Every structure is written in C-alpha cells, then in structure tokens.
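Enquirer: Start counting the sequence shown at 43; every next residue gets the next number (our numbering). All C-beta atoms in this analysis are idealised placements derived from N, C-alpha and C, irrespective of residue type, glycine included. Source: prediction; values computed, not measured.
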Amino acid sequence: MNNAGDESVAAVLETLHAMKPEKAKLQRASRLPPYRGTPVRAASTTSLVPRLRKPVEKPDALTRAQELQVTVADLTQRLRDKSDQCDELHSCVSRLNKELRLSVDQASLLQHSTAEKDKEIQTLRAHVDDLYQVQQQLRSESLQSKAALTRRLSGDMVLPLSPESNEMLARRPSAALDDTMECLRLELAQLDAQCQTQSSELQRLAAENTALLASMRQWHAMLSLPPVDADEGLTEALTHALSRDFLAQDRRRDELVATCDAQRKELLAFRLEKALQRRCRATSDSIYDLEAQVEALAAANAQLLDAAQNEAARSELWATQCNVVQEALEALSDRWEASLDDERQAADEKLGAAHEHIEVLEQQLHDEARDHEAVVEAYATCREDLLQAQEALNAATNHCEFVQSQLQKLQWTRCQARCRCCDESTQTTTTTTSAASTPCPEDVPRHEAVSFKESAIVAAGDFASAVVGGASQRQGERFGKMQ
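#1: On the premise that Leu166 lies in contact with Gln238, defined as a C-beta separation below 8 Å, what is that separation, rounded to the nearest angstrom?
#2: Among the residues of its own chain, which have a CB less than 7 Å from the CB of Tyr421, if the five just before and after it don't count?
#3: May I have the straight-line CA-CA distance separating Glu382 from Glu415, to the nearest angstrom?
#4: Would you please state the rounded distance, in angstroms, between the beta carbons of Arg295 and Asn251? I believe it to be under 8 Å.
#5: Let's test the definition: count the other Cβ atoms within 10 Å of the Cβ of Leu90 and tell me whether it reaches 16, buried, or not, exposed.
#6: Given this structure, state the Cα-to-Cα distance separating Asp234 from Glu183, to the nearest angstrom.
#7: Using the C-alpha atoms, what's the distance from Glu419 back to Gly394?
#8: Let me confirm a value: Arg323 is counted as buried when at least 16 other C-beta atoms fall within 10 Å, else exposed. Which label applies?
#9: In whole angstroms, what is the alpha-carbon distance linking Val313 and Gln245?
#10: Mark Lys140 as exposed unless 16 or more other C-beta atoms lie within 10 angstroms of its C-beta, in which case mark it buried.
#11: Taking 7 Å as the cut-off, decide whether the C-beta atoms of Glu315 and Gln177 are in contact.
#12: With H, G and I counted as helix, E and B as strand and the rest as coil, what does DSSP make of Ser467?
#13: Mapping the DSSP letters down to three states, classify Arg83 as helix, strand or coil.
#14: From Gln305 to Leu173, what does the alpha carbon distance come to, in whole angstroms?
#15: Leaving out five residues before and five after Pro481 in sequence, what residues of the same chain have Cβ atoms less than 8 Å from its Cβ?
#16: Suppose contacts are defined by Cβ-Cβ distances below 7 Å. Is Leu152 in contact with Gln319 by that definition?
#17: If you draw a straight line from the C-alpha of Asp126 to the C-alpha of Ala256, how long is it?
#18: What number of angstroms, rounded off, separates the C-alpha of Glu337 from the C-alpha of Val367?
#19: Could you compute how far the alpha carbon of Leu407 sits from the alpha carbon of Cys424?
#20: In whole angstroms, what is the alpha-carbon distance linking Tyr347 and Ala355?
#21: Quick check: the Cα distance between Tyr330 and Leu359, rounded to an integer number of angstroms?
#22: Since Leu247 contacts Ser155 with CB under 8 Å, what's their CB separation in whole angstroms?
#23: Going by C-alpha distance, which of Cys457, Gln345 and Asp292 is nearest Leu254?
#24: Return the CA-CA distance between Leu142 and Leu131, expressed in angstroms with no decimal places.
#25: Considering only residues of the same chain and omitting the five flanking positions on each side of Ser357, which have a CB-CB separation below 7 Å?
#26: Would you report the Cα separation of Asn352 and Asn343, rounded to the nearest angstrom?
#27: Have a look at Ala231, Gln240 and Ala349 and flag the residue whose alpha-carbon is nearest the alpha-carbon of Ala300.
#28: Note down the Cα distance separating Thr391 from Leu429, rounded to an integer number of angstroms.
#29: In chain order, which beta strand (DSSP E) runs of at least 3 residues are fully inside the region 417-471?
Spelled out as structure tokens, the structure:
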C-alpha cells in the first residue's frame, strides 16, 4: 500500500490529542456556579475576570474543527480508494491464481497426451518394423519366384511338369501372397487411419498450444508491467516457469511433427515398395493367367465342337417337332372354325329370342304406364270428393256450434224464468209440488235442440260416408274397367 498520507494522519491525531484538555477546561468552567458578588469594574484586576472571559477563543476552535472534519473526510475518501484498490488487487491475484491453475492443468493434460502420443509412436514404430520384416520376406519370396520363373522360361528344367502340377504350384504361392497382401492392406489401412488421427490431433494440439501461448504472452505482458505490490519475485518466477513450460511444449511439438514427417516418409517408401511388389506379382500372375487362358481356350474349343454337334442334332429334332406341331395347329384351327360357326348360329337364335322378349316387355311397360295414368286420375277425383266432404263436414260443425249457442241462450232464459217462478210460488206448497211434477215449458226446447243437434251431426256423418262411399265405388269401377 502507498503510505504517503500517514504524516498528515499523524498530525491530525496530535492536534486532536492537544485539543482534549481545552475541552475539559471548558466543561469545568461551564459547570462553575454563577457569580453572586458585587459587580466587577472595568479597572479591577482580580483573578476572576480572565477565567470568565476565556470562552472568547471559540471561533478559532470551530474553524479548526471544520478543518479537521474536512481532513477526516479526505482521509476517509483516501481510505476508501485504498480499499477499492486492494479489492481489485485481490480479485486480480485470484484470477491469476485460477488461470495459473488452469495452465498447470492444461500442462499436465498436454504431458499426458504427449506420453500417450509417445506410446502410440512406439507402437507404430513396432508395426513399421514388423512390416519391414514382412517386406523383406516378401522380397525374398519374390526373388525366389522370379528365379524359378526365369529358369522355367529359359528351359533349364529337364522334364516339363504336367498342367495340373503347374496349376498347383502356381496356386500355392499365389494363395500365400494373397493372404499376406490382404494382411498388409489391412495394416496399411490401420496405419493410414492412425496417421490421419495423429495429424488431426497434432493440428488440434498445435492450435490449442498457439492459443495458450497467445494467452500466456498476454498475461506475461500484463505481469511485466510495474507491479502494484512488492511481489516482483513471484511474478518473475511464474513467468520463468511458464516460459520454460512453453519451450518444453514447443520442443515436444517439434519432435511430434518430426516423427510424423518421418513416419509419412517411411509410409511413402513402404507404399512404393508395395507398388513395385504388386507390379511384379501382377506380371507373374499375368503369365500364369495367359497359360491358364490358353489351356482354357483349348478346352473351350473342344466344348464348342461338341456343342455344335449337339446343336445340329437338336435342330433336326426341333424341325420334326415343328412339323408335328404345325399339323396339330391346322387340325385345331379347323375344329375351332366349326365350333365358332355353331356358336355363332346359337348366338343369333338367342339374340332373336331376346329381341322378342324385349318387345313383350316394352308392351307391358306401355300398359302399366296407361294403368298408372288411370290410377292417378282416379286418385285426383277421390281427392276432390274428399275435399267436398270436408267442406260439408265443416258446414255441419258450424251449424252445430250455432245450435249450441242458441241452446245456451235458451238455458239462460229458462234459468231466469225459473227464478221468477220460485219467487211467485213461495205461498203454497201444493203449487210447488204440482210445478215440480209438471215439466217446465222451457225444458222442451232444450230437448228438441239436443235432438236437432244430434240429427244434424248424424246427417253430416251420413253425407260424409255417402261421399266417401261414392268415391270408393267410383274408384272400384275404374279399377274394374282397367282390369
């Protein structure tokens, strides 16, 4: 921390300590009892006057207190700034520690990955050694086969071998070579895949190393600035350690790149040798194939001669069979023509019968249409008769309602007349009994009205039944005529 303001703080504290006794004296003076003696003159020089006039120095103390408050505020602001700077430094140190831990973890991961790469490189080298040994064996075998082929072509062999033995001798090395070549192809494919994965992994590691190197260089540039605290030794040690790690990582990366380049060169050489071996083997195989093809052509020629003879015999047999089939087809065509004539005649007869049946059906349809029209006309007349009967029934019901209203009026007048009769016949009981035994003159019209109503309803019903009966009779007559 920067302690440039400690002297000012010490001066302020000294002034505060010096002011404490004066404040105590002022408090004691304020606690003294009031003076009750004779008034003091201006020319008197007693010891009480200066004691009572000491508080005149208050304005200087106030200004000093204000100055002290200002300095205290300034000091508090400085302390806050210092605390903020300390917090920032602590956060920066914590970030640096975290990044240092991350870098250490990444360095350990890189070491682990490089160790794994070294193991893979060792395994690849072992595979390459094995392949080299196989290549040497194949070279020796190819040289032996070439020597045998040259001896065979130059005619050094006394007794020619049979074609079956030649085929067996040619098949055995070719089968062994095919097996070895298949294994070598699989090994080469695996090596190519491993090299591709190694190259992609190396590219990824190189990108990560470059990014890490850039970030570490940035941190080195940030750490190389003038430090706030006195921790220069720690930052220098960190930078030296990081630089050493970066150099070691660069060396390892260069070694990995060099080993990959060497492996690629070895693979290219191995592929070239394999291509040469493949060409030599292809030439030897082509020679064996030509011999086999000549033998196969001779066998095929013999087979073709046999096939030509067989085909000639078959053609003669087919000619005879074709003649027989043609005669059978001619007989079959004659039978078909005869059967077709019979079928055509039967179909004409069936067609004539169908035409006659269609004419009969058309006549029946015409008759049914005419009967349907007659039925429709009868239905229309019946409907008209029913409408007339409905009108008559409505008229009868209206007449019945009128008669019923007249009956109600008659009943009302009868009731009024009965009330009058009751008022007049209160004097004697004989007259009332005789009146009760004799029917009321107004009851007769009521019975007559009811009988008239019933006769009207019966007449209306008879009329409706007569109308319906006449309509049904007419309809029956029409149906009889139609039949």
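Expert: Looking at the atomic coordinates:
#1: Not confirmed; about 13 Å, so no contact.
#2: Beyond the five residues adjoining it in sequence on each side, Tyr421 comes within less than 7 Å, by CB distance, of no other residue in the same chain.
#3: The question names Glu, but residue 382 is Leu in the sequence shown. About 49 Å.
#4: Right, the Cβ-Cβ distance comes to about 6 Å (below 8 Å), so this counts as a contact.
#5: Residue placement at Leu90 is poorly supported in this model, since its pLDDT is 44, which falls under 50; the coordinates are not used for a value here.
#6: Taken atom to atom, the span from the alpha-carbon of Asp234 to that of Glu183 is near 26 Å.
#7: Straight-line Cα distance between these residues: approximately 38 Å.
#8: Its Cβ being crowded by 16 or more others within 10 Å, Arg323 is buried.
#9: Checking the displayed sequence, the identity of residue 313 turns out to be Arg instead of Val. Whole-angstrom Cα-Cα distance: 24 Å.
#10: Its Cβ having fewer than 16 others within 10 Å, Lys140 is exposed.
#11: In this structure, Glu315 lies near Gln177, with their beta-carbon atoms less than 7 Å apart.
#12: In this structure, Ser467 counts as coil in the three-state DSSP scheme.
#13: Because Arg83 carries a pLDDT of 46, less than 50, the predicted location of this residue cannot be relied on, and the following value inherits that uncertainty. Reduced to three states, the DSSP call for Arg83 is coil.
#14: Between the alpha carbons of Gln305 and Leu173 lies a distance of about 13 Å.
#15: Unreliable positioning characterises Pro481 in this predicted model, as indicated by a pLDDT of 44, which lies under 50. The coordinate reading is nonetheless provided below. The answer is none, since no qualifying residue turns up.
#16: Cβ distance not < 7 Å, so Leu152 and Gln319 don't count as in contact.
#17: One C-alpha to the other measures close to 30 Å.
#18: Cα to Cα, Glu337 sits roughly 43 Å from Val367.
#19: One C-alpha to the other measures close to 25 Å.
#20: According to the sequence provided, residue 347 is Leu. The question's Tyr does not apply to it. Straight-line Cα distance between these residues: approximately 13 Å.
#21: Rounded to whole angstroms, Tyr330 to Leu359 spans 43 Å at the Cα level.
#22: Indeed, because the Cβ distance is near 7 Å, the residues count as touching under 8 Å.
#23: Comparing Cα-Cα distances from Leu254 to each of Cys457, Gln345 and Asp292, the minimum goes to Asp292.
#24: Using only the alpha carbons, I get a separation of about 16 Å.
#25: The same chain holds no residue with a CB closer than 7 Å to that of Ser357 once the five nearest residues on each side in sequence are set aside.
#26: Straight through space, the alpha carbons of Asn343 and Asn352 are spaced by roughly 14 Å.
#27: Out of Ala231, Gln240 and Ala349, the CA that lies nearest to the CA of Ala300 is found in Gln240.
#28: Going by the sequence as given, residue 391 is Glu instead of Thr. The straight-line gap from Cα to Cα measures roughly 57 Å.
#29: As far as the region 417-471 is concerned, it has no whole beta strand (DSSP E) run of at least 3 residues.
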